[in-house]
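**Student:**
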Amino acid sequence: MSSARASAPVEVTRVASLGGGVIGQSWTALFLAAGKSVTLFDPDPAVEGRVRRAVETAWPALVELGLTTRSEPEGELLVCADARTAVADAQFVQESVPERIELKHRLYAEIEPALAEDAVVASSASGLTLTELQAGWERPDRFVLGHPFNPPHLIPLVEVMGNDRTGAGVVDLARGFYESVGKVTIEVRREVPGHVANRLQAALWREVVHLVNEGVASVDDIDTAISSGPGLRWAAWGPTTLFHLGAGEGGIRAFCERYADSFNRWWDDLGHPHLDEATAARLADGLAVAGSGDLDALAAQRDAMIVSAVLAAGRVKGDTPSPA
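All the letters of the sequence shown, read from the start, carry residue numbers 1187 to 1510 under the numbering used here.
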């Protein structure tokens, strides 16, 4: 995959980041690493210090991933007193405020009159649909879904979606911009709750919870089964490509013929658990790392492993290895 689409706004130099929580901090670090000037808005008066510390913490990983060669940001980070000021000169706006629809709609109503005519606005929303979000706009033609995976400065994926109310070429513009700052994008073509990757996560975790509830294995052993098993393969390619490769001659068609009975049997036996109080307690009690209390240390360990995995899989600067 090329690092930027032909129609990408590669000339973008000014980005607005709306929201200074974990996702907004991570986006801000990535945009600064790409040499952009970033205007940030969050109503929390302590947001500036928090975001600057987050950028400083993220910077070594961004250097290691090749997303920047600088020892510190070249572009300016300006924290604004209101959202209108933050977006006024921005060519691309990434909205990452909390997932409360009324909050997002109020923000959209505030910023819409202040946006440049050709600015693209993307929402990081994971649980809300594009149609729900569009209801907050008078003209949603420059607005798309741009859902990252946490943390956005490390995980390359962005899910981009438009629909029949989205202007022609705007999805490609958004994808091109993301790819120009080192992301890997996919297009969500039909609206479903959770988009694509979150649904895949949910499907896998549903079976994790079912296996725990049924006493098949411990929480930690099931996590290990993923991280030391198929998770390592999934860092290279997705399951369909891997099954295609694993089948040998005949590829995926031969695989389906060979294993249809097995998969149909497994699918019929998959569980349908619910996250009730007893299940949540069972998961918490069974998770060994939960008792350590040092979540910052765990997060740092996670980030270091993600950097290694991203480098090993070649998912930097928009490069997607091909099995061909």
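Quick reminder that beta carbons are idealized off the backbone N, C-alpha and C, glycines included.
Locate the alpha helix (DSSP H) running through S1413, then write down its first and last residues.
**Tutor:** V1405 to S1413
**Student:** Give the C-beta separation of L1331 and A1308 to the nearest angstrom, bearing in mind that I take them to be a contact with Cβ-Cβ under 8 Å.
**Tutor:** Right, the Cβ-Cβ distance comes to about 7 Å (below 8 Å), so this counts as a contact.
**Student:** Can you confirm whether E1262, when its beta carbon is compared against all beta carbons of chain D, has any partner nearer than 9 Å?
**Tutor:** Looking at the structure shown, chain D is missing, and only one protein chain is on hand.
**Student:** So, with DSSP's three-state summary, where would you put A1433?
**Tutor:** coil
**Student:** How long is the line joining the alpha carbons of T1243 and T1315, rounded to whole angstroms?
**Tutor:** 32 Å
**Student:** Which runs of the alpha helix (DSSP H), 4 residues or longer, sit entirely within the region 1292–1358?
**Tutor:** 1316–1320
**Student:** State the DSSP-derived secondary structure class of L1386, mapped to helix, strand or coil.
**Tutor:** helix
**Student:** Using alpha carbons as the reference points, say which of F1227, C1266 and K1222 lies closest to L1253.
**Tutor:** K1222
**Student:** Measure the Cβ-Cβ separation of L1263 and T1199 and say whether it is below 9 Å.
**Tutor:** no
**Student:** What residue does the alpha helix (DSSP H) around A1474 start on, and which one ends it?
**Tutor:** Per DSSP, A1474 belongs to no alpha helix (DSSP H) and is neither H nor E.
**Student:** Return the bridge partner residues of S1203 from the DSSP annotation.
**Tutor:** L1226 and Q1280
**Student:** Just mark E1345 as buried or exposed, buried being the case when its beta carbon has 16 or more other beta carbons within 10 Å.
**Tutor:** buried
**Student:** Do F1335 and T1352 have their beta-carbon atoms positioned less than 9 Å apart in this structure?
**Tutor:** no
**Student:** I'd like the span of the beta strand (DSSP E) that includes V1370, first residue to last.
**Tutor:** V1370 to E1373
**Student:** How should R1439 be labelled, buried or exposed, when 16 other C-beta atoms within 10 angstroms of its C-beta is the threshold for buried?
**Tutor:** exposed
**Student:** Which partner residues does V1265 have in the DSSP bridge list?
**Tutor:** The partner list for V1265 (beta bridge, DSSP) reads L1226.
**Student:** With DSSP as the reference, label H1458 as helix, strand or coil.
**Tutor:** coil
**Student:** Whole angstroms is fine: what's the gap from A1267's alpha carbon to W1391's?
**Tutor:** 40 Å
**Student:** Is the beta carbon of G1436 within less than 8 Å of some heavy atom of the ligand HEM?
**Tutor:** This structure lacks the ligand HEM; in fact it carries no ligand of any kind.
**Student:** In terms of residues, what are the limits of the alpha helix (DSSP H) holding W1423?
**Tutor:** Premise fails: W1423 is in no alpha helix (DSSP H) and is neither H nor E.
**Student:** In terms of alpha-carbon separation, which member of L1293, G1205, Q1211 and P1337 lies closest to W1323?
**Tutor:** Considering only L1293, G1205, Q1211 and P1337, the residue with the shortest C-alpha distance to W1323 is L1293.
**Student:** Out of curiosity, what's the CA-to-CA distance linking D1230 and A1269?
**Tutor:** 12 Å
**Student:** DSSP state of A1498, grouped into three classes?
**Tutor:** helix
**Student:** Please classify G1380: does DSSP put it in a helix, a strand, or coil?
**Tutor:** The answer is coil: DSSP assigns G1380 none of H, G, I, E or B.
**Student:** With DSSP as the reference, label R1214 as helix, strand or coil.
**Tutor:** Strictly speaking, residue 1214 in this sequence is Thr, with Arg absent from that position. T1214: helix per DSSP, three-state reduction.
**Student:** In chain order, what residues of the same chain lie with their CB nearer than 6 Å to the CB of A1240, ignoring the 5 residues before and after it?
**Tutor:** So the list reads Q1211, once near-sequence residues are dropped.
**Student:** What residue range does the alpha helix (DSSP H) around G1235 cover?
**Tutor:** V1233 to E1250
**Student:** Put E1260 into one of helix, strand or coil per three-state DSSP.
**Tutor:** When secondary structure is reduced to three states using DSSP, E1260 falls in the coil class, being assigned neither helix nor strand.
**Student:** Pop quiz: D1489 and A1247 are said to be a contact at Cβ under 8 Å. What is the actual Cβ separation, rounded to whole angstroms?
**Tutor:** Going by Cβ atoms, the distance from D1489 to A1247 rounds to 6 Å, so yes, they are a contact pair.
**Student:** Should V1273 and A1300 be called a contact, given that it needs their Cβ atoms to be closer than 9 Å?
**Tutor:** Their beta carbons are under 9 Å apart, which means V1273 touches A1300 by this criterion.
**Student:** Does the region 1398–1418 come within contact of the region 1379–1389, defined as at least 3 CB pairs closer than 8 Å?
**Tutor:** Verdict: no, contact absent.
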